[in-house]
Amino acid sequence: MICMTRSDFAGAVFIFTSVKGSVVAFGLLTLSGNNVPAYHLHFKTNDRKADGHILEIQVESATAQLDATAGFAIEPLRSGNFL
Numbered sequence: 693m694i695c696m697t698r699s700d701f702a703g704a705v706f707i708f709t710s711v712k713g714s715v716v717a718f719g720l721l722t723l724s725g726n727n728v729p730a731y732h733l734h735f736k737t738n739d740r741k742a743d744g745h746i747l748e749i750q751v752e753s754a755t756a757q758l759d760a761t762a763g764f765a766i767e768p769l770r771s772g773n774f775l
């Protein structure tokens, strides 16, 4: 799997192999085309030592669960490195 760390969006790309973790995907279909991809995927290793945005992924086996949440709000952080 290839993912970009969330702390360095400037281009740091890391390749993880033979690692177990969780993928969380958001379907942002109503925002698609406004500089936002239709699907946004994140990965976090089971040991929580690495995470990031998925650029490419190959999976040997997986279990999928679906949560059809009607809506959610994203609140931008207003302190620290996110200012």
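Quick note: to get the working numbering, add 692 to the position in the sequence shown (first position is 1). Every residue, glycine too, gets a C-beta built ideally from N, C-alpha and C.
CB-CB under 6 angstroms to residue i, same chain, minus the five flanking residues each way: which ones, in chain order?
i    : result
K712 : N738
G719 : Y731
V716 : H734
L714 : According to the sequence shown, residue 714 is Ser rather than Leu. These residues qualify, in order along the chain: K736.
Name the one or two DSSP bridge partners that residue i has.
i    : result
K736 : S714 and D743
G719 : Y731
Quick one: what does DSSP say residue i is sitting in, helix, strand or coil?
i    : result
M696 : Bear in mind that a pLDDT of 49 at M696, under 50, signals an unreliable position, so the number given afterwards is only what the model happens to contain. In this structure, M696 counts as strand in the three-state DSSP scheme.
P768 : coil
L758 : coil
Taking C-alpha atoms, which residue in the options lies nearest to residue i?
i    : options                   : result
V705 : S753, I766, L747 and D759 : L747
A762 : S714, T722 and A754       : T722
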